[in-house]
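The C-terminal position of the sequence shown is numbered 437 in my numbering, with every residue numbered one higher than the one before it.
Where is the CB? At the ideal position from N, CA and C, for every residue including glycine.
Read the structure below first, then the notes.
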Amino acid sequence: MKILVINAGSSSLKYQLIDMETETVLAKGQCERIGIEGSKLTHKVPGKEDYIRQTPMPEHKVAVDLVLEALMDEEHGVVKSADEIDAVGHRVLHGGMVYSDSIVVNDDVKRVIRECFDLGPLHNPANLTGIEACEAAMPGKPNVAVFDTAFGMAMPEKAYTYAIPHEYLEKYSIRKYGFHGTSHNFVSKETIRFAGLDSETAKVIVCHLGNGASVSASIGGKCVDTSMGLTPLEGLIMGSRCGDIDPAVAQYICNKEGKDINEVLTLFNKKSGILGMSGGVSTDFRDVKKAADAGNHLAEVALDAFAYRVAKYIGSYAAAMNGVDAIAFTAGVGENDAPMRSEIMSYMGFLGVKLDEEVNKASRGKEALISAPDSTVKVLVIPTNEELMIARDTAALTK
Ligand code: AMP
Numbered sequence: 039m040k041i042l043v044i045n046a047g048s049s050s051l052k053y054q055l056i057d058m059e060t061e062t063v064l065a066k067g068q069c070e071r072i073g074i075e076g077s078k079l080t081h082k083v084p085g086k087e088d089y090i091r092q093t094p095m096p097e098h099k100v101a102v103d104l105v106l107e108a109l110m111d112e113e114h115g116v117v118k119s120a121d122e123i124d125a126v127g128h129r130v131l132h133g134g135m136v137y138s139d140s141i142v143v144n145d146d147v148k149r150v151i152r153e154c155f156d157l158g159p160l161h162n163p164a165n166l167t168g169i170e171a172c173e174a175a176m177p178g179k180p181n182v183a184v185f186d187t188a189f190g191m192a193m194p195e196k197a198y199t200y201a202i203p204h205e206y207l208e209k210y211s212i213r214k215y216g217f218h219g220t221s222h223n224f225v226s227k228e229t230i231r232f233a234g235l236d237s238e239t240a241k242v243i244v245c246h247l248g249n250g251a252s253v254s255a256s257i258g259g260k261c262v263d264t265s266m267g268l269t270p271l272e273g274l275i276m277g278s279r280c281g282d283i284d285p286a287v288a289q290y291i292c293n294k295e296g297k298d299i300n301e302v303l304t305l306f307n308k309k310s311g312i313l314g315m316s317g318g319v320s321t322d323f324r325d326v327k328k329a330a331d332a333g334n335h336l337a338e339v340a341l342d343a344f345a346y347r348v349a350k351y352i353g354s355y356a357a358a359m360n361g362v363d364a365i366a367f368t369a370g371v372g373e374n375d376a377p378m379r380s381e382i383m384s385y386m387g388f389l390g391v392k393l394d395e396e397v398n399k400a401s402r403g404k405e406a407l408i409s410a411p412d413s414t415v416k417v418l419v420i421p422t423n424e425e426l427m428i429a430r431d432t433a434a435l436t437k
């Protein structure tokens, strides 16, 4: 069985073709600058040189047609015909309060994705465009929507309800949803498998630490809490997002600088996080680390604050679950940054957590148990693989 995974953005479209028998990537790539001058397709097949096509892509349908051409290309292709592709799995940001699982796309599903445009204004319209482009390019082929918010839908009311008048939940579905759900779902389940934990009862905290960052707590792979909220702005300090903050700060800046709320939200989303805290060094953790090592005090504080905030979330989620069996690190920083993992774990002595510092130092981008044998909690590095999770859900729903 071969599954095409699509992640459509407003002017981009990333794809992977995955063979489900071996769970290997046959080909992957991306279309950039769709609808803009200078459109480009980059197609990668393991063991071959990149195949690049620079040709106009006025809309997503043209991009999907070009992806199919590349996949079937005599020299750079991996299938003979589109019939070999069994189904298409789509990353969709927001399923609102309707979808707590992936689902085969029909008109109702498309209606809900459309109804959630207000909740995911940057992503949902693009995700729907990607689905419609695939429907047009491959008529009759099943499409599956895999929602980034689905994992968080298992949260209990006490975790997802904001302490504002109830009418706002009723009228506008304002609640905590959580994002990176596909990653948290994948990593929590891989953690249970890799660590040999009980799949029904294991208490797992996943730290997805990348440019976007979030923490989740789950029991038996079901989310009980997660740090992002109505939007991805809530929770941890991120590359350019501020995370948790007193909402009155927004009003204060508006009043002091004559800005409107949209401008301040842009500031919170794009100019804050380690970028803002470091005085503008970078959104990239490696750059900020370099600056800190060179004596930049603000960069040092930004990284300290990042670790501190992650540790506080882990502590609160251990309390929320009345215990924790495993803590897993994933995404760019979580998978690669051993000193950051070590700093975060240095707060966890009270839980009986002990890292094996040597194994931690040696662990990069591959599954590893990095806690010491006598640690009360297992600590792991588990690389995330959202595309594989999307492909697995798509295969399961269309077999
Ligand atoms: P992601 O959003 O998951 O792609 O993660 C991107 C972030 O991971 C960037 O801020 C990178 O600086 C960071 N990152 C990637 N590799 C490393 C590394 N070896 N050490 C520290 N940070 C890293």
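Figure out for me which residue from the options has the closest Cα to the Cα of residue i.
i: I90; options: K66, D322, E238; result: K66
i: L440; options: G134, H204, I283; result: What the structure shows of the chain is the stretch from 39 to 437, and residue 440 is not part of that stretch, so it cannot be assessed.
i: K404; options: K179, T229, G190; result: T229
i: K328; options: K82, D375, L271, M359; result: D375
i: G178; options: F189, P194, C154, V143; result: V143
i: L313; options: D412, Y385, K52, N334; result: N334
i: L271; options: T414, L305, E395, F224; result: L305
i: I420; options: C154, H204, N223, K86; result: N223
i: E61; options: L435, R430, S354; result: R430
i: T264; options: M176, G353, A171; result: G353
i: L274; options: S320, Q289, L341, D298; result: L341
i: L104; options: Y53, D124, E122, D121; result: Y53
i: V170; options: D156, L160, R152, G158; result: Val is not the amino acid found at residue 170; the sequence shown has Glu there. Here the closest residue by C-alpha is R152.
i: Q68; options: Q92, T422, G85, K86; result: Q92
Three-state secondary structure (DSSP) at residue i?
i: G219; result: helix
i: N339; result: The sequence shown places Val at residue 339, not Asn. Note: V339 maps to helix in three-state DSSP.
i: L157; result: coil
i: K52; result: strand
i: V83; result: coil
i: T269; result: coil
i: Q289; result: helix
i: H246; result: strand
i: K260; result: strand
i: S320; result: coil
i: R91; result: strand
i: I123; result: coil
i: A433; result: helix
i: L235; result: coil
i: L393; result: strand
i: R71; result: coil
i: S413; result: coil
i: K327; result: helix
i: I382; result: helix
i: I202; result: coil
i: I212; result: coil
i: K308; result: helix
i: V136; result: coil
i: A364; result: strand
i: T62; result: strand
i: K297; result: coil
i: N181; result: strand
i: S226; result: helix
i: R402; result: coil
i: D57; result: strand
i: R129; result: strand
i: L207; result: helix
State the CB to CB distance for the pair residue i and residue j, rounded to an integer number of angstroms; the pair is presumed to be in contact (CB under 8 Å).
i: G267; j: Y215; result: 7 Å
i: R129; j: I428; result: 6 Å
i: V63; j: H114; result: Incorrect: roughly 15 Å between the Cβ atoms, too far for contact.
i: S226; j: S254; result: 7 Å
i: G258; j: A240; result: 6 Å
i: L160; j: L109; result: Actually they do not touch by this definition, with Cβ atoms about 28 Å apart.
State yes or no: is the C-beta of residue i within less than 7 Å of the C-beta of residue j?
i: A337; j: A330; result: yes
i: R279; j: N307; result: yes
i: T432; j: G168; result: no
i: C261; j: F189; result: yes
i: E424; j: S221; result: yes
i: A364; j: G248; result: no
i: L389; j: V415; result: yes
i: V244; j: F323; result: no
i: I382; j: A349; result: yes
i: D57; j: K40; result: yes
i: G277; j: G318; result: no
i: N162; j: C172; result: no
i: A125; j: T436; result: yes
Original post:
Just checking, does the stretch 125-143 make contact with the stretch 169-185 on the three C-beta pairs under 8 Å criterion?
Top reply: Enough Cβ pairs lie closer than 8 Å, so yes.
Original post:
Should the stretch 397-405 be called in touch with the stretch 148-162, which here means at least 3 C-beta pairs below 8 Å?
Top reply: No: the two stretches stay apart, fewer than three of their Cβ pairs being nearer than 8 Å.
Original post:
Are the stretch 283-292 and the stretch 210-228 touching by the rule of at least three beta carbon pairs closer than 8 Å?
Top reply: Counting C-beta pairs closer than 8 Å gives fewer than three between the stretch 283-292 and the stretch 210-228, which falls short of the contact rule.
Subject >> Segment contact flag, the stretch 44-55 with the stretch 66-75, C-beta cutoff 8 Å, min 3 pairs >> reply: The stretch 44-55 is in contact with the stretch 66-75.
Subject >> Cβ pair count under 8 Å reaching 3, the stretch 403-420 against the stretch 83-101 >> reply: Touching, no.
Subject >> Three or more C-beta pairs below 8 Å linking the stretch 119-133 and the stretch 194-203 >> reply: Counting Cβ pairs under 8 Å, fewer than three are found: no touch.
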